[in-house]
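Numbering (this note's numbering), first residue to last: 60 to 585.
Virtual Cβ for every residue (Gly too), placed ideally from N, Cα, C.
It should be emphasised that the depicted structure is a prediction, and the values quoted were computed from it without experimental measurement.
Written below as structure tokens is the structure these notes are about.
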């Protein structure tokens, strides 16, 4: 009866002094032979060859052959393990994956068992070389037909023949590993494309890029920076020549740690090697070493962004795949810029009026289907015209910008904040009834009072706002029972009611006034 290796409980740790076991041989000078009890720690030193990071498992019943050839392969710069029987080899493979296996043919000729299948199952990717004394015969041909055997080494060909097979098998293993890593990397890049090209703001996109590039390369900390101005499509002014792209144009848009504050320029980031970033941007080339990784995100001749990683891990390093990801990320940055140009007000950084009304219309349609309330809040800055006339439009723009940011910070992500007019803002509060809308208005007034003094110059007049609310409530009747409503009129009436409430609040000398609650029958003819 032959030895049946399957199933074998994988040991977590093998004691060095108890056979059967696999013995390591390497070129590590820190590990030298010292006694018989610790024979599995035998080391053969050769200083003139660096370790190549490849590993070989030799399985042979002849201890002298095993020791001599393990030393031979170790001197070639590889890590080598030796096993005198199949059980030791199986134990070793339970916790280790060598690059190449060399197995004695005589150990595999057992009745009632298929030990090579067990070894292949434990090391599915490693090329296997069968070793025998003499020309390959019927047993090898059977194994070759049944399993993926890389080759056969005739021991009569000596050390040179053995090294020839080892080097050929290692080259094949490296090539297969490169193909596997390329396929894996390509799959990850292709999977990232839909995330990059979703309709999203530039801030959301840079967060997505940060997550994806960190997944591709690893690293301890990272940031993504984008250009403050978009160079695509701009022609040189007559008589002037554009200077090379400068890293001074880039500001941090997303970061994994507080080490890289948002809005910071590269020269303010003391821990970032400015010369490497500058070289990557000017040469449009990836710079990745053990300490830093810089990936320029280029579209045609323009670098629209860059990703930086500190101490990149052992992730994807394929230049073509990283370039594919970089070009997709740059195209997404360009699309996000065009999206923001069409939807976001440049002064306040909230949505433009047309886009806000479009979102309100879609929200009302959803509210009709799902039967939830929608509240609209209209507000403007008191005496804003007087502020512009006395202190200038730069101060007025600063007030608008801060107010837009304050509004976004104090509503839910699902709510919509838009600029409706010069100093008027429109908020769409999803699934919020009249009471909920009043709570939001109160919270905004409180935030305005508490935060304004922290940034507004004390010599400037205190800025206040007036707000008006209107609600579209489904009531007790299911909207579907009323028929299809006039959605455009529902949008118009809801905004008009909020606007009317705001002007009534100003005339009455109050800061917030709740207007009329609208019902679906008003828009369905019932």
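- The three-state reading of DSSP puts residue 359 in coil, since its state is none of H, G, I, E or B.
- The beta carbons of residue 325 and residue 333 sit about 6 Å from each other, so the pair counts as a contact at 8 Å.
- In the DSSP assignment, residue 398 falls within the alpha helix (DSSP H) that extends over 378-402.
- With fewer than 16 neighbouring CB atoms inside 10 Å of its own CB, residue 249 falls in the exposed class.
- Here residue 251 carries a helix assignment [DSSP, helix/strand/coil].
- For residue 446, the closest alpha carbon among the candidates 438, 221, 521, 378 is that of 521.
- Excluding five sequence positions before and after residue 260, the CB atoms of its chain that fall closer than 8 Å to its own CB belong to 395, 398, 399, 403, given in chain order.
- Minimum Cα-Cα distance from residue 466 among the listed residues 449, 317, 367, 501 corresponds to 501.
- Closest in alpha carbon position to residue 578, among 529, 560, 561, 564, is 529.
- Assignment of residue 468 by DSSP, reduced to helix, strand and coil, places it in the helix class.
- Counting other Cβ atoms within 10 Å of its Cβ, residue 190 reaches 16 or more and is therefore classed as buried.
- In this structure, DSSP gives residue 495 a helical state, which the three-state scheme calls helix.
- Excluding its 5 nearest sequence neighbours in each direction, residue 218 has C-beta neighbours in its own chain below 6 Å: 131, listed in chain order.
- Beta-bridge partners assigned by DSSP to residue 489: 433.
- Of the residues assessed, residue 207 falls on the exposed side of the cut-off, its CB having fewer than 16 other CB atoms within 10 angstroms.
- According to the DSSP assignment, residue 546 belongs to the alpha helix (DSSP H) that extends over 546-567.
- Look at residue 410 here: in three-state DSSP terms it is strand.
- Two segments are said to touch when three or more pairs of C-beta atoms, one from each, lie closer than 8 Å; by this definition the region 234-248 does not touch the region 145-155.
- If the five residues before and after residue 254 are omitted, its C-beta is found closer than 6 Å to the C-beta atoms of 267, all from its own chain and listed in chain order.
- In this structure, the beta-carbon distance from residue 437 to residue 527 falls below 8 Å.
- With contacts defined as CB atoms closer than 8 Å, residue 281 and residue 368 qualify as a contacting pair.
- When the Cα atoms are used, residue 183 and residue 349 turn out to be separated by approximately 30 Å.
- Cβ neighbours of residue 474 within its own chain (closer than 7 Å, five residues either side excluded): 486, 487, 488, 489.
- Residue 339 and residue 237 have their C-alpha atoms spaced approximately 25 Å apart.
- Between the C-alpha atoms of residue 337 and residue 305 there is a straight-line separation of about 7 Å.
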